[in-house]
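The next block holds one structure in the form of structure tokens; read it before the comments.
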Amino acid sequence: MENGSLDDFLRGYRGDILPWCIRYTIALDAARGIAYLHHECNPPIMHCDIKPQNILLDGQFRAKVADFGLARRFHLDSKHIVKTTIRGTRGYIAPEWLMSRELDVKVDVFSFGMLLLEVVRGFKRTEDSIKPLLDWAISSVTEGAVTDHHHLHEESRNDDLYQPEIVTTDRTVSNVHDGHVPEDLRESAQKVRLLKVAIRCLQQNPQKRPGMRHVIEHYPVPYPSSSDSSSSTKMYTHSVVSAR
Numbered sequence: 001m002e003n004g005s006l007d008d009f010l011r012g013y014r015g016d017i018l019p020w021c022i023r024y025t026i027a028l029d030a031a032r033g034i035a036y037l038h039h040e041c042n043p044p045i046m047h048c049d050i051k052p053q054n055i056l057l058d059g060q061f062r063a064k065v066a067d068f069g070l071a072r073r074f075h076l077d078s079k080h081i082v083k084t085t086i087r088g089t090r091g092y093i094a095p096e097w098l099m100s101r102e103l104d105v106k107v108d109v110f111s112f113g114m115l116l117l118e119v120v121r122g123f124k125r126t127e128d129s130i131k132p133l134l135d136w137a138i139s140s141v142t143e144g145a146v147t148d149h150h151h152l153h154e155e156s157r158n159d160d161l162y163q164p165e166i167v168t169t170d171r172t173v174s175n176v177h178d179g180h181v182p183e184d185l186r187e188s189a190q191k192v193r194l195l196k197v198a199i200r201c202l203q204q205n206p207q208k209r210p211g212m213r214h215v216i217e218h219y220p221v222p223y224p225s226s227s228d229s230s231s232s233t234k235m236y237t238h239s240v241v242s243a244r
């Protein structure tokens with residue numbers, strides 16, 4: 001597609017970091033695309049490889065979920081599939097790939113959580129461990145503002161970063177509806193709320209992760225430059241490169 005992949009921009013291959021309004025819309029488009037696979041396809045489709053390289057950008061920076069080489073359809077009478085080998089990309093693979101033989105669409109939710117952290121951060125992590133990035137996200141949520149993402153700690157301050165109770169602090173304006181609110185405050189509030197969504201997507205127990213429809217419902221108030229915020233089936237479909 002015209003603007004390549006999200007990965008190109010997160011790695012800096014295409015110049016400066018994308019403005020927040022564009023990154024915000026890219027993440028929302030990706031969420032809609034995954035939601036379409038999980039909730040609108042019959043049987044549901046598990047992508048199995050959600051990552052920035054597979055989020056393609058058109059000429060207007062609208063995102064589409066692509067590359068279904070690892071995707072799996074569920075049988076109509078089953079809510080899980082049985083894994084045969086570990087699939088996906090290191091750093092985005094859900095922990096149940098290593099701990100269980102039964103998998104469901106929540107593996108994609110986990111991968112989306114990692115992608116969302118990188119979108120909010122503005123560039124791709126270079127460390128192998130996901131803990132420094134999670135530590136930054138948790139610190140930002142606790143403080144109610146996105147902290148300096150250029151200095152991530154190598155060691156996390158939290159032994160278990162997947163527990164939901166670590167994200168109960170709410171000191172920020174998570175729902176900014178007043179058009180007179182300064183732009184920087186609106187942007188900060190949106191980022192903090194998306195970090196909360198991302199952390200919930202990264203719960204180690206897949207049953208505690210939200211579904212993708214729930215993720216979209218809890219997306220922060222639309223950015224002013226976003227042309228729409230509809231969660232209709234039509235909009236979901238536009239966020240997917242054909243999976244057929």
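For the sequence shown, position 149 (counting from the first letter as 1) is numbered 149 according to the UniProt record's numbering, and the numbering increases by one without interruption. In this text, a Cβ means the ideal position worked out from N, Cα and C, and glycines have one as well. Fair warning: this is a prediction, and the values are worked out from it, not measured in the lab.
Within its chain, find whatever has a CB closer than 6 Å to the CB of residue i; leave out the 5 residues flanking it on each side and keep chain order.
{"i": "residue 122", "result": "17"}
{"i": "residue 119", "result": "23 and 27"}
{"i": "residue 14", "result": "8"}
{"i": "residue 92", "result": "51, 111 and 114"}
{"i": "residue 20", "result": "187"}
{"i": "residue 73", "result": "43 and 45"}
{"i": "residue 94", "result": "107 and 110"}
{"i": "residue 87", "result": "48 and 70"}
Could you spell out where the alpha helix (DSSP H) holding residue i opens and where it closes?
{"i": "residue 35", "result": "20–35"}
{"i": "residue 98", "result": "96–99"}
{"i": "residue 113", "result": "106–121"}
{"i": "residue 132", "result": "131–143"}
{"i": "residue 184", "result": "183–201"}
{"i": "residue 215", "result": "212–217"}
{"i": "residue 9", "result": "6–10"}
Alpha carbon to alpha carbon, what distance is there between residue j and residue i?
{"i": "residue 30", "j": "residue 6", "result": "10 Å"}
{"i": "residue 67", "j": "residue 108", "result": "13 Å"}
{"i": "residue 8", "j": "residue 187", "result": "23 Å"}
{"i": "residue 203", "j": "residue 39", "result": "21 Å"}
{"i": "residue 218", "j": "residue 195", "result": "11 Å"}
{"i": "residue 210", "j": "residue 90", "result": "22 Å"}
{"i": "residue 185", "j": "residue 144", "result": "11 Å"}
{"i": "residue 129", "j": "residue 105", "result": "23 Å"}
{"i": "residue 63", "j": "residue 205", "result": "28 Å"}
{"i": "residue 81", "j": "residue 58", "result": "33 Å"}
{"i": "residue 1", "j": "residue 54", "result": "11 Å"}
Below 8 Å CB to CB, which residues in the same chain sit around residue i once its five sequence neighbours on both sides are set aside?
{"i": "residue 215", "result": "31, 35, 109, 112, 197 and 201"}
{"i": "residue 61", "result": "3, 18, 22, 25 and 26"}
{"i": "residue 191", "result": "20, 120, 140 and 146"}
What residue range does the beta strand (DSSP E) around residue i cover?
{"i": "residue 63", "result": "63–65"}
{"i": "residue 55", "result": "55–57"}
Tell me which same chain residues have a C-beta within less than 7 Å of the C-beta of residue i, skipping the five on either side of it?
{"i": "residue 10", "result": "52, 118, 123 and 124"}
{"i": "residue 137", "result": "117, 195, 198 and 199"}
Are any of the Cβ atoms in chain B nearer than 7 Å to that of residue i?
{"i": "residue 203", "result": "The chain inventory of the structure shown lacks chain B, comprising one protein chain alone."}
Take every Cβ of the segment 26–39, pair it with every Cβ of the segment 84–101, and state whether three or more of those distances are shorter than 8 Å.
-> Here the segment 26–39 does not lie against the segment 84–101, with fewer than 3 beta-carbon pairs under 8 Å apart.
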